[in-house]
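Shown next, in structure tokens, is the structure this report addresses.
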Amino acid sequence: MSTAEVKKEVLRLLKEDEEFRYAVAGLIGFEDLRLGQARLEESMARFAEAQARLGERQARLEERQSRLEEAMARLAEAQARLEERQSRLEEGQARLEMRQARLEEGQLRLEERQTRLEEAMAKLAEAQARTEMALQGLMKQVGRLSDTVGFGLEDIARVVIPGWLYRHEGINVEELQRKFIQVDGEEVEVNLYGEGSRNGERIVVIGETKAKIYKREVEDFIKHAEKVEKIITHAKVYKLMFGYLIHPTAEAEAKKKEITLIASYMR
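Basically the working numbering = 1-based index in the sequence shown + 2.
This is the structure:
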């Protein structure tokens with residue numbers, strides 16, 4: 003039987019034979035079921051593979067999340083340390099601001115004190131100027147008195163100095179007089195010359211009188227006194243200057259050369 007004949011016979015049986023028709027339908031359904039199951043198994047396999055990949059991805063995500071949580075924990079610790087450090091810095095800044103405030107207060111008090119000191123210095127300068135003017139007037143009066151009665155600064159020194167030397171230096175000297183001394187063929191005039199003693203030691207006093215004693219007067223006296231001092235070998239030489247006014251520059255120079263400065267108002 004040819005293929006065409008077989009096909010024709012099958013179609014006839016499907017049309018006329020109900021049982022044959024059901025049998026063929028069953029065979030066709032079983033094949034579809036078998037094919038569907040195969041496709042389902044393939045889908046399940048692909049699903050299993052996808053699920054495995056998803057599990058691996060989830061594991062990686064969990065590992066990454068764990069690392070992230072650890073990093074977050076370290077970050078939290080660092081932030082806590084940073085906040086603690088910031089707190090200490092704020093405390094230090096507060097202490098620094100308090101210290102600065104105290105320094106500013108101290109500086110303000112110092113400026114006020116300096117202002118008062120400057121005012122006092124200005125008043126003192128004015129008082130000194132008035133004193134110098136008064137002293138100049140007094141010197142003029144003394145000069146006029148000297149012209150009138152022949153009583154000058156040198157005479158005052160001869161009266162005042164012996165007592166002053168005894169009270170302040172323990173030197174006993176009977177009197178002071180003007181003296182002319184020969185030094186290497188040169189005649190040197192000494193305004194005030196006297197011989198005395200202190201605790202058994204022989205003392206020779208040489209001095210000079212000047213109305214106003216400045217550094218220059220001291221330097222001139224030093225040159226003058228050194229000429230006399232080098233020939234006095236039998237006693238210790240005590241050098242002094244006497245005047246109405248002693249300037250601070252004279253005091254500094256006299257101290258270096260061991261010269262005593264005595265003002266007329268000293269007692």
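Heads up, the beta-carbon is just placed ideally off N, CA and C, and yes, glycines get one too.
All values derive from a computational prediction rather than experimental measurement.
About 5 Å separates the CB atoms of I224 and K259; that is less than 8 Å, so the two are in contact.
If you draw a straight line from the Cα of G198 to the Cα of G139, it is about 36 Å long. If you draw a straight line from the Cα of E255 to the Cα of I215, it comes to about 11 Å. For I158, the uninterrupted alpha helix (DSSP H) run begins and ends at 155-171, by DSSP.
For Y195, the pairing in a beta bridge is given by DSSP as Q179, I208. Here K232 carries a coil assignment [DSSP, helix/strand/coil]. If you check the CB distance, Q179 and G165 do not come in under 8 Å. K257: not part of any beta strand (DSSP E); member of the alpha helix (DSSP H) spanning 250-258, first to last residue. The beta-carbon distance between V230 and I208, rounded to whole angstroms, is 6 Å. This is short enough to meet the 8 Å contact definition.
Close CB contacts of A50 within its chain, under the 8 Å cut and outside five residues either way in sequence, are absent.
For R200, the secondary structure class from DSSP, reduced to helix, strand or coil, is strand.
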